[in-house]
Every structure is written in structure tokens, then in C-alpha cells.
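Novice: This is the structure I want to talk about, given as C-alpha cells.
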Amino acid sequence: MPALIAHRGYPRRYPENTLSGFTAAIGRGARHIEMDVQLSADGVPVVFHDDDVQRLCGVPGRITDMSLAEVRQLRVGGEPVPTMAEFARLLQAHADLHAFVELKQESIDVAGEAAMLAAVTEDLEPVRARCTLISFNAGILRLAAARGWDAGWVTEDWPDALPEGMRVWFCDVRALPSAGPVNPFAVPLAVYAVSDAALAQRLAGRGAAYIETDDIAGMRRALPGWA
Numbered sequence: 004m005p006a007l008i009a010h011r012g013y014p015r016r017y018p019e020n021t022l023s024g025f026t027a028a029i030g031r032g033a034r035h036i037e038m039d040v041q042l043s044a045d046g047v048p049v050v051f052h053d054d055d056v057q058r059l060c061g062v063p064g065r066i067t068d069m070s071l072a073e074v075r076q077l078r079v080g081g082e083p084v085p086t087m088a089e090f091a092r093l094l095q096a097h098a099d100l101h102a103f104v105e106l107k108q109e110s111i112d113v114a115g116e117a118a119m120l121a122a123v124t125e126d127l128e129p130v131r132a133r134c135t136l137i138s139f140n141a142g143i144l145r146l147a148a149a150r151g152w153d154a155g156w157v158t159e160d161w162p163d164a165l166p167e168g169m170r171v172w173f174c175d176v177r178a179l180p181s182a183g184p185v186n187p188f189a190v191p192l193a194v195y196a197v198s199d200a201a202l203a204q205r206l207a208g209r210g211a212a213y214i215e216t217d218d219i220a221g222m223r224r225a226l227p228g229w230a
């Protein structure tokens, strides 16, 4: 049975990557959540997509230049930026929930692969069995897989091959072929970001295992029986 992934929580109705958005997605039946992680300047993992905070917070600055104390002063739709530790506690409270945690390139560039991975996995260790680390960066994923973490590659384009050790592949819906099978690889495919139920059904019929969506509630209503 195909499954739905709540992309950054429930951004159709709530600010992205916030505890309220994640909680709302869970309350509407999400069993899979995707979220993003950056590192503050003092090396603390925080749940945020962009390195530049202007789009979401309306002020200039970069997450990777800010201390945790400074990051916590930011507001996304009136809410503080969550830490990775806070997200891990939310995950602990919902035993049937799985998280796809995207390790963002900007923080990898600043901290390095090993330091980024160590910081994030320290917070996620209590929920390790229900987390998959995903990234556009193949190097950090190889390192994660070598350390026993489930890992998945994210691409904007159609790849010729996947890095070894991947458990899932995320691909932009715009990069998929217009006809025929959408997944030539041996691991499950998650397609992002799709909020059209008819398109999701077609993609599932062509081989997609997961559909990542901004509208988890609407998609669950339209697709009863999906995980």
C-alpha cells in the first residue's frame, strides 16, 4: 500500500517545520513526517529548512552564523524554531511515527560531514529505529549508512545510479519521466512534493512507494487506506 509523508509537517495550514505543524500532521493521521535540520553556529541541530532566515522569519541573517540563543529568538509564524532534541521528544511520544530527517547542505558545508552527522544523531539516538537520514549530499549519507543509520538520497534530477547503502530515494516530481515506470532502482521511491490525489494515485501505479505532500489532511481524506 502506498504511504504519505507529511512534508515539513502540515505547511498547507501551519508554519513549516514547527512543532504545531508536526503535531497537526500527526493529529490528522500522518505516520511519516519529513523535516529539515540545520546547525547553529555553536553546533546545535535545529529544525529549519533554509540557512537564510529572511523567507520564514522576515529578518536578515543565516542560521549557521547564529548561536542557539539567537536562533531561539526567531519566530516562524509566531513560533520559536524547534531544536532537534524537541523533535526527538515528539517522536518518542508517538510510537507509530517515522521521521525522514534531511541534513541540509549549508550546515554540512560549514561544519563538515562528520560533525554534522554526530550532532544530529546524538539527539536522534533514542528514536534511531524510527528515523531515516536523508540528504542531497551523498558523502554524509555513506557515512551515516556505515554507522548503521538508515539513509536515503534526495535528488532534484533523474540520477543514473544511487549511492551504495541507500534505503530510500527521494525525487522531485518534476524530474520523473512522463510515462512508464518511475523507479528503476531496488529501493523505495518517495516523490516530492505532490498534493494532487489523482496524480499521487498515478505515480503509485507507476512504482512510487511514498508521496510527500504539503497537505497531509487533504490527501488522507482523498486517499483512504494509504499508510
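Residue 230, in our numbering, is where the sequence shown stops; the numbers in between run on with no holes.
Cβ coordinates follow ideal geometry from the N, Cα and C atoms, glycine included.
Since the model is a prediction, treat every value here as computed from it, not as a measurement.
For the beta strand (DSSP E) that residue 155 lies in, which residues bound it at each end?
Specialist: Start and end: 153–158.
Novice: Which of helix, strand or coil does DSSP assign to residue 7?
Specialist: The answer is strand: DSSP assigns residue 7 an E or B state.
Novice: Comparing C-alpha positions only, which one of 137, 99, 172, 130 sits nearest to residue 116?
Specialist: For the residues 137, 99, 172, 130, the minimum Cα distance to residue 116 belongs to 137.
Novice: What are the uninterrupted segments assigned as alpha helix (DSSP H) that are 4 or more residues long and contained completely in the region 80–125, given in chain order?
Specialist: Segments of the alpha helix (DSSP H) lying fully in the region 80–125: 87–95, 108–114.
Novice: Quick one: Cα of residue 48 to Cα of residue 69, how far?
Specialist: Their backbone Cα atoms lie some 12 Å apart in a straight line.
Novice: Three-state secondary structure (DSSP) at residue 43?
Specialist: The answer is coil: DSSP assigns residue 43 none of H, G, I, E or B.
Novice: In angstroms, rounded to a whole number, what distance separates the CA positions of residue 150 and residue 103?
Specialist: Answer to the nearest angstrom: the Cα atoms are 17 Å apart.
Novice: How far does the alpha helix (DSSP H) with residue 167 in it reach, from first residue to last?
Specialist: Counting along the chain, residue 167 falls outside any alpha helix (DSSP H), and DSSP gives it neither H nor E.
Novice: Measure the C-alpha to C-alpha separation of residue 91 and residue 119 and round it to an integer number of angstroms.
Specialist: The straight-line gap from Cα to Cα measures roughly 16 Å.
Novice: Three or more beta-carbon pairs under 8 Å between the region 218–227 and the region 24–37, yes or no?
Specialist: Touching, yes.
Novice: Between the region 120–134 and the region 49–67, can you find at least three pairs of beta-carbon atoms closer than 8 Å?
Specialist: Contact fails: fewer than three Cβ-Cβ distances are below 8 Å.
Novice: For residue 25, name the three-state secondary structure that DSSP assigns.
Specialist: Helix.
Novice: Have a look at residue 169 and residue 199 and give me their C-alpha separation to the nearest angstrom.
Specialist: Roughly 28 Å between the two C-alpha positions.
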